[in-house]
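The listed protein sequences correspond, in order, to chains A and B.
First residue of the first sequence? That's 1 in my numbering, and the numbers climb one at a time after it.
First residue of the second sequence? That's 318 in my numbering, and the numbers climb one at a time after it.
Backbone N, C-alpha and C fix where the C-beta goes; we use that ideal spot for every residue, glycine too.
It should be emphasised that the depicted structure is a prediction, and the values quoted were computed from it without experimental measurement.
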Amino acid sequence: MSASSWVLALLQALLYAALAPLLAGWVRKVKARLQNRRGAPLLQPYRDLYKLFAKEARMAHTASLLFRAAPYIVFIAVWLAASAVPLLTTGLPTAAIADVIVIAGLLALARFFLALAGMDVGTAFGGMGASREMFVSALAEPAMLMAVFTLAMTAHSTNLASVVDYQLASHDVLRPSYMFALAGLVLVAVAETGRIPVDNPATHLELTMIHEAMILEYSGRHLALMEWAAQLKLLLYGTLLANVFFPWGVAQGTGPSALGQGLAVITLKLAALGVVLAVSETVLTKMRLFRVPAFLDLALLLALLGLLSHVILEVGA
Amino acid sequence: MTAALWLAGVATILALLSAAVSLLAMRAPHVLRLVVMPLFGLAGLTALAAGLAALAQGGTATAELPLGLPWLPWRVRLDALSGLFLCVIGVVSFAVGLYGPGYVRRFERGRDPVTALGGFAGLFLAAMLLVVLADDAFLFMVAWELMSLSSYFLVAFHHDNAANRRAAFLYLLMAHIGGLAILLGFGVLASFGGGFAFDAMRGAQLPFFWASVAFVLAFVGFGMKAGLVPLHAWLPEAHPAAPSHISALMSGVMLKVAVYGFIRVVFGLIGQFHWQWGVAVLVIGSISALMGVLYALMQHDLKRLLAYHSVENIGIIFIGLGLAILFVDNDHAALGAVAFVAALYHCVNHAVFKGLLFLGAGAILHSANERDLENMGGLLRRMPWTGLFFLIGCISISALPPFNGFVSEWLTFQAALQAWQLDSGVLRSLVPIAAAMLALTGALAAACFVKVYGVAFLGQARSRHVRRARPVPLSMRAGQGVLAVLCLLLGVLPTSFIGLLNEVPRQVLGQGLPHATAHGWLWLTPISPGTASYGAPLVALALFTAVGLGLWLFGRGIRRVRRCDAWDCGFAPPSPGMQYTATAFAQPIRRVFELLFLIEEDVTQQEDGQLRHRLQVRDRAWGMLYLPIARAVEKAARQVVRLQSGNVRIYLGWSLATLVVLLWVIA
Numbered sequence: 001m002s003a004s005s006w007v008l009a010l011l012q013a014l015l016y017a018a019l020a021p022l023l024a025g026w027v028r029k030v031k032a033r034l035q036n037r038r039g040a041p042l043l044q045p046y047r048d049l050y051k052l053f054a055k056e057a058r059m060a061h062t063a064s065l066l067f068r069a070a071p072y073i074v075f076i077a078v079w080l081a082a083s084a085v086p087l088l089t090t091g092l093p094t095a096a097i098a099d100v101i102v103i104a105g106l107l108a109l110a111r112f113f114l115a116l117a118g119m120d121v122g123t124a125f126g127g128m129g130a131s132r133e134m135f136v137s138a139l140a141e142p143a144m145l146m147a148v149f150t151l152a153m154t155a156h157s158t159n160l161a162s163v164v165d166y167q168l169a170s171h172d173v174l175r176p177s178y179m180f181a182l183a184g185l186v187l188v189a190v191a192e193t194g195r196i197p198v199d200n201p202a203t204h205l206e207l208t209m210i211h212e213a214m215i216l217e218y219s220g221r222h223l224a225l226m227e228w229a230a231q232l233k234l235l236l237y238g239t240l241l242a243n244v245f246f247p248w249g250v251a252q253g254t255g256p257s258a259l260g261q262g263l264a265v266i267t268l269k270l271a272a273l274g275v276v277l278a279v280s281e282t283v284l285t286k287m288r289l290f291r292v293p294a295f296l297d298l299a300l301l302l303a304l305l306g307l308l309s310h311v312i313l314e315v316g317a
Numbered sequence: 318m319t320a321a322l323w324l325a326g327v328a329t330i331l332a333l334l335s336a337a338v339s340l341l342a343m344r345a346p347h348v349l350r351l352v353v354m355p356l357f358g359l360a361g362l363t364a365l366a367a368g369l370a371a372l373a374q375g376g377t378a379t380a381e382l383p384l385g386l387p388w389l390p391w392r393v394r395l396d397a398l399s400g401l402f403l404c405v406i407g408v409v410s411f412a413v414g415l416y417g418p419g420y421v422r423r424f425e426r427g428r429d430p431v432t433a434l435g436g437f438a439g440l441f442l443a444a445m446l447l448v449v450l451a452d453d454a455f456l457f458m459v460a461w462e463l464m465s466l467s468s469y470f471l472v473a474f475h476h477d478n479a480a481n482r483r484a485a486f487l488y489l490l491m492a493h494i495g496g497l498a499i500l501l502g503f504g505v506l507a508s509f510g511g512g513f514a515f516d517a518m519r520g521a522q523l524p525f526f527w528a529s530v531a532f533v534l535a536f537v538g539f540g541m542k543a544g545l546v547p548l549h550a551w552l553p554e555a556h557p558a559a560p561s562h563i564s565a566l567m568s569g570v571m572l573k574v575a576v577y578g579f580i581r582v583v584f585g586l587i588g589q590f591h592w593q594w595g596v597a598v599l600v601i602g603s604i605s606a607l608m609g610v611l612y613a614l615m616q617h618d619l620k621r622l623l624a625y626h627s628v629e630n631i632g633i634i635f636i637g638l639g640l641a642i643l644f645v646d647n648d649h650a651a652l653g654a655v656a657f658v659a660a661l662y663h664c665v666n667h668a669v670f671k672g673l674l675f676l677g678a679g680a681i682l683h684s685a686n687e688r689d690l691e692n693m694g695g696l697l698r699r700m701p702w703t704g705l706f707f708l709i710g711c712i713s714i715s716a717l718p719p720f721n722g723f724v725s726e727w728l729t730f731q732a733a734l735q736a737w738q739l740d741s742g743v744l745r746s747l748v749p750i751a752a753a754m755l756a757l758t759g760a761l762a763a764a765c766f767v768k769v770y771g772v773a774f775l776g777q778a779r780s781r782h783v784r785r786a787r788p789v790p791l792s793m794r795a796g797q798g799v800l801a802v803l804c805l806l807l808g809v810l811p812t813s814f815i816g817l818l819n820e821v822p823r824q825v826l827g828q829g830l831p832h833a834t835a836h837g838w839l840w841l842t843p844i845s846p847g848t849a850s851y852g853a854p855l856v857a858l859a860l861f862t863a864v865g866l867g868l869w870l871f872g873r874g875i876r877r878v879r880r881c882d883a884w885d886c887g888f889a890p891p892s893p894g895m896q897y898t899a900t901a902f903a904q905p906i907r908r909v910f911e912l913l914f915l916i917e918e919d920v921t922q923q924e925d926g927q928l929r930h931r932l933q934v935r936d937r938a939w940g941m942l943y944l945p946i947a948r949a950v951e952k953a954a955r956q957v958v959r960l961q962s963g964n965v966r967i968y969l970g971w972s973l974a975t976l977v978v979l980l981w982v983i984a
């Protein structure tokens with residue numbers, strides 16, 4: 001692996017960070033249009049982040065050191081996880097550092113510190129958010145792992161770049177296991193990124209919030225990092241769904257034309273995915289917390305069915 | 318190799334010496350702190366050196382001790398497997414030796430004799446070392462029983478408390494039932510092998526039926542000691558009852574000695590692999606992992622919670638062992654070696670982080686005199702070092718990168734993902750279900766340790782004595798620090814440790830991991846570089862550099878962060894009582910999995926008109942397994958009472974009848 005590919009990997013990581021607010025803005029814009037509103041400009045999330053970074057950060061008297069360090073850890077962990085997911089091309093060295101289990105692990109690390117930060121100040125809402133977040137993720141994480149294991153078993157690799165390469169090489173095969181895994185992973189992505197019907201990113205209604213409850217005490221640049229991390233996570237799951245299940249257009253080399261094509265294709269795919277998300281958020285309502293297990297059990301069941309249909313139907317055949 | 322065996326012998330003698338010296342502590346209690354605990358730590362360090370030497374050199378060394386029966390001298394043997402477990406015992410004992418002097422100080426003025434504490438701890442360590450070194454069934458059983466008995470006295474150390482006496486008795490009972498099963502297992506092996514020496518047993522050719530009998534006996538016997546569900550019920554009673562540094566040894570090390578026994582007997586002595594056994598081990602392991610973590614989530618006594626997590630981690634280890642048996646039976650020895658290495662790696666990891674967490678719980682007990690999470694809070698500000706080390710332990714046990722727990726779970730997943738290479742469709746579908754349970758276990762463990770750390774160390778103190786907690790003495794911090802650093806090293810440099818570990822599968826399965834370090838020390842590639850790779854040092858480097866850089870860039874601002882009241886959506890200023898409690902934190906999970914628990918919950922009105930909510934979550938294993946057996950034993954005893962007529966002639970008649978039957982059996 002040459003130095004230029006490492007530079008390219010770094011550029012891809014920066015691209016992730018740069019694109020993340022755009023996707024969030026796009027989803028908000030489409031959603032607003034669907035609800036007959038004009039909505040905020042597409043670039044509003046960038047302005048929000050800029051404003052938050054410029055503002056003074058304040059902390060509660062009862063907050064400890066962990067509260068200060070958590071935004072950095074959360075952001076970096078999510079960012080590292082994202083940079084291991086192939087965005088434009090599969091020919092980058094980062095994919096070999098962290099396979100899909102490590103990505104799940106890094107996301108879990110971010111969640112661990114996010115939940116701890118929620119509990120740090122010692123308010124009722126923080127504890128509530130942390131408890132719910134860990135509850136939802138405890139059910140979502142196995143579903144996610146099972147869904148990606150289906151792909152990993154088919155491609156005989158847990159390395160996402162290899163999985164995408166394998167997909168590209170056998171593009172005209174429709175596998176039943178993939179359908180199950182895709183359905184499972186979509187449900188998990190909705191739960192993990194805190195979207196309707198599991199959580200509502202736009203609410204501060206005390207009794208329903210999960211993610212917002214944990215970051216309630218944050219302000220200034222700390223809040224900016226937390227928000228940015230959440231946007232990155234959305235982009236990560238979007239890319240995962242778009243590039244692993246619909247791998248068409250992902251570059252396999254590192255030439256400029258291939259990368260340009262990769263960028264154009266992923267932009268289109270993410271834009272389409274954003275529309276789907278906005279539509280589903282418009283037509284669905286938020287569930288009660290105790291309906292969420294049924295939702296996630298369905299995800300786990302679908303993912304497990306995918307895995308089983310792979311090992312039973314596809315391996316022997 | 319002989320030198321390593323000598324070192325191991327020295328370690329055993331040092332442990333016995335620390336036991337002997339503690340007799341002096343009867344008159345002068347500070348001897349325990351000044352001499353006994355350092356000797357104990359030195360014994361641990363020597364054992365660690367012996368184990369590392371054995372792993373690095375490979376090969377085996379044997380010796381005969383001038384002890385034992387005339388026709389059956391005690392034989393010891395040191396190979397890579399023993400060496401690895403010597404390391405496990407040694408490293409935790411060393412940390413306990415460092416930690417002990419500060420911790421045992423609180424017992425010097427107590428009513429309980431410190432002689433017992435030091436003496437039995439030394440015996441306990443020596444017995445564990447002997448179990449690992451034993452090369453014949455006789456010495457193994459003697460050492461095994463010595464280990465059980467000495468730890469019984471340690472569990473019963475605070476015998477003023479009736480609950481502790483009960484826990485200790487239950488422990489003794491279970492230890493003996495387990496010991497009996499192991500003894501019978503050795504009996505089967507010895508009768509086919511023609512001798513009690515392990516060498517004779519290794520050569521035995523057992524038919525499938527008798528091999529399975531020996532396997533089941535070993536699985537039950539060692540599984541009981543290791544705390545596999547449903548035989549685990551004694552564990553969360555006994556481990557928390559002992560003083561904390563002993564809890565660390567029992568949970569961190571003694572359970573591993575049981576795992577060693579299982580590996581030695583099943584992988585080494587029986588030497589056969591059948592998929593039925595693999596399925597049994599895999600299923601029991603998965604159930605133990607899941608039930609262990611679910612019950613742990615329901616606890617709010619810190620030490621009990623940690624003890625339940627031992628059940629979980631032993632389950633994860635057995636998942637690895639079950640996969641190893643399945644793969645080896647399917648002629649995939651290389652994959653079997655991956656699963657086996659995953660199990661061994663998790664043994665080491667669990668010893669380190671569970672030792673660390675129990676020492677942390679001891680530190681809280683030492684400075685705040687509190688075990689109940691519901692009374693804790695804000696300890697990070699009172700005890701920053703303990704808080705940091707405990708956080709590292711929490712991250713490690715929750716299997717989060719870049720710490721050590723993640724590496725072994727990653728390896729277990731990698732082994733499970735190779736299930737497509739198995740022949741039978743049933744097995745191919747069973748393994749992914751086990752992997753799903755492992756994933757669920759990992760996620761629940763993270764939830765549990767967010768609960769523990771968030772409630773104990775963050776927020777505000779929920780009681781006065783916790784608010785006044787003081788940092789613990791330097792020696793206790795050093796003991797925790799050693800283990801915390803190891804958690805990081807084992808997580809960041811897995812290739813180096815697997816390079817050492819590789820000798821064990823080479824000796825036991827005849828097959829190591831050829832490709833694990835094929836791409837240099839930066840990349841861990843257990844199966845092949847194309848299949849999976851984990852650049853642990855790079856992940857850690859990126860994580861630490863980026864977080865450090867972020868903190869530094871905003872460093873000027875960080876010092877200037879202004880403090881204010883918590884916002885909390887603009888409600889009344891938060892008080893400690895408004896924080897989420899441990900029970901509240903786990904409530905959603907309790908509700909989802911409520912069928913698995915025995916929940917008693919009611920609200921009663923007290924005399925002063927106040928409402929009181931009572932919640933008790935009990936282990937279903939009691940009602941389903943233990944109480945029926947206890948009732949059956951009592952019922953049988955009542956039948957036996959009929960023999961007791963009080964008439965001597967009838968007793969003599971029974972004796973005669975017994976003699977006749979025995980003669981008939983022998984003839």
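Residues near residue i in its chain [Cβ-Cβ closer than 6 Å; skip 5 each side]
| i | result |
| --- | --- |
| Gly184 of chain A | Ala143, Ala147, Ala299, Leu302 and Ala303 |
| Gly385 of chain B | Trp391 |
| Pro788 of chain B | Met700 |
| Ile73 of chain A | Phe113 |
| Leu362 of chain B | Phe411 |
Whole-Å CB distance - residue i paired with residue j, under 8 Å assumed
| i | j | result |
| --- | --- | --- |
| Gly653 of chain B | Leu826 of chain B | 6 Å |
| Leu293 of chain B | Ile601 of chain B | Nothing about residue 293 of chain B can be read from this structure; chain B reaches only from 318 to 984. |
Sequence-distant residues of its chain with Cβ nearer than 7 Å to residue i (five each side left out)
| i | result |
| --- | --- |
| Ala60 of chain A | Val121 and Glu217 |
| Met567 of chain B | Ser468, His556 and Ala559 |
| Leu8 of chain A | Leu92 and Thr254 |
| Ile215 of chain A | Leu223 and Met226 |
| Gly776 of chain B | Gly694, Gly695 and Gln896 |
| Asp919 of chain B | Arg931 |
Chain A contact residues for residue i, given Cβ-Cβ distances below 8 Å
| i | result |
| --- | --- |
| Val856 of chain B | Leu80, Ile97, Ala98, Val102 and Leu106 |
| Ala756 of chain B | Glu141, Pro142, Leu145 and Met146 |
Proximal residues to residue i (C-beta, below 8 Å), its chain only, five neighbours per side dropped
| i | result |
| --- | --- |
| Leu241 of chain A | Leu182, Leu185, Val186, Ala189 and Leu273 |
Partner residues on chain A for residue i, Cβ-Cβ distance less than 9 Å
| i | result |
| --- | --- |
| Gly503 of chain B | Looking at the sequence itself, residue 503 of chain B is Phe, so the reference to Gly does not match. Result: empty, since nearest Cβ-Cβ is about 39 Å, beyond 9 Å. |
| Gly742 of chain B | Val311, Ile312, Val315 and Gly316 |
Chain B residues whose Cβ lies nearer than 8 Å to that of residue i
| i | result |
| --- | --- |
| Asn159 of chain A | Gly847, Thr848, Ala849 and Ser850 |
7 Å Cβ cut-off: residues of chain B touching residue i
| i | result |
| --- | --- |
| Ser137 of chain A | Ala760 |
| Ile76 of chain A | Leu860, Ala863, Val864 and Gly867 |
| His156 of chain A | Thr848 |
Counting only Cβ-Cβ distances shorter than 9 Å, please list the residues of the stretch 768-788 of chain B near chain A, keeping chain order. Of all residues in the stretch 768-788 of chain B, only Lys768, Tyr770, Gly771, Val772, Phe774, Leu775, Gly776 and Gln777 place a beta-carbon less than 9 Å from a beta-carbon of chain A.
Residues of the stretch 793-810 of chain B whose Cβ lies closer than 8 Å to any Cβ of chain A, in chain order: So the list is empty, because no residue satisfies the distance condition.
At a CB distance below 9 Å, what residues from the stretch 916-950 of chain B approach chain A? Give them in sequence order. For chain A, none of the residues of the stretch 916-950 of chain B brings a beta carbon within less than 9 Å of one of its beta carbons.
Contact set between the stretch 109-126 of chain A and chain B, restricted to residues whose Cβ is under 7 Å from the partner: Cβ proximity to chain B below 7 Å picks out Leu109, Phe112, Ala115, Leu116, Met119, Asp120, Val121, Gly122, Thr123, Ala124 and Phe125 from the stretch 109-126 of chain A.
Please list the segments of the beta strand (DSSP E) lying wholly inside the stretch 832-915 of chain B, counting only runs of 3 or more residues, in order along the chain. Taking only runs of at least 3 residues, the beta strand (DSSP E) segments lying wholly in the stretch 832-915 of chain B are 879-881.
Mind pulling the alpha helix (DSSP H) runs of 4 or more residues that sit fully within the stretch 546-573 of chain B? Counting only runs of at least 4 residues, the stretch 546-573 of chain B fully encloses the following alpha helix (DSSP H) elements, listed from N- to C-terminal order: 552-558 and 561-566.
Please identify, using Cβ separations under 8 Å, the residues of the stretch 274-295 of chain A that lie next to chain B, in order along the chain. Cβ contacts with chain B come from Leu289, Phe290 and Pro293.
Considering only residues of the stretch 567-624 of chain B, which uninterrupted beta strand (DSSP E) runs meet the minimum length of 3 residues and lie entirely inside it, listed in chain order? You should have found no qualifying run.
Below 9 Å between beta carbons is the criterion; list the residues of the stretch 59-72 of chain A that meet it against any residue of chain B, in chain order. Those would be Met59, Ala60, His61, Thr62, Ala63, Ser64, Leu65, Leu66, Phe67, Arg68, Ala69, Pro71 and Tyr72, in chain order.
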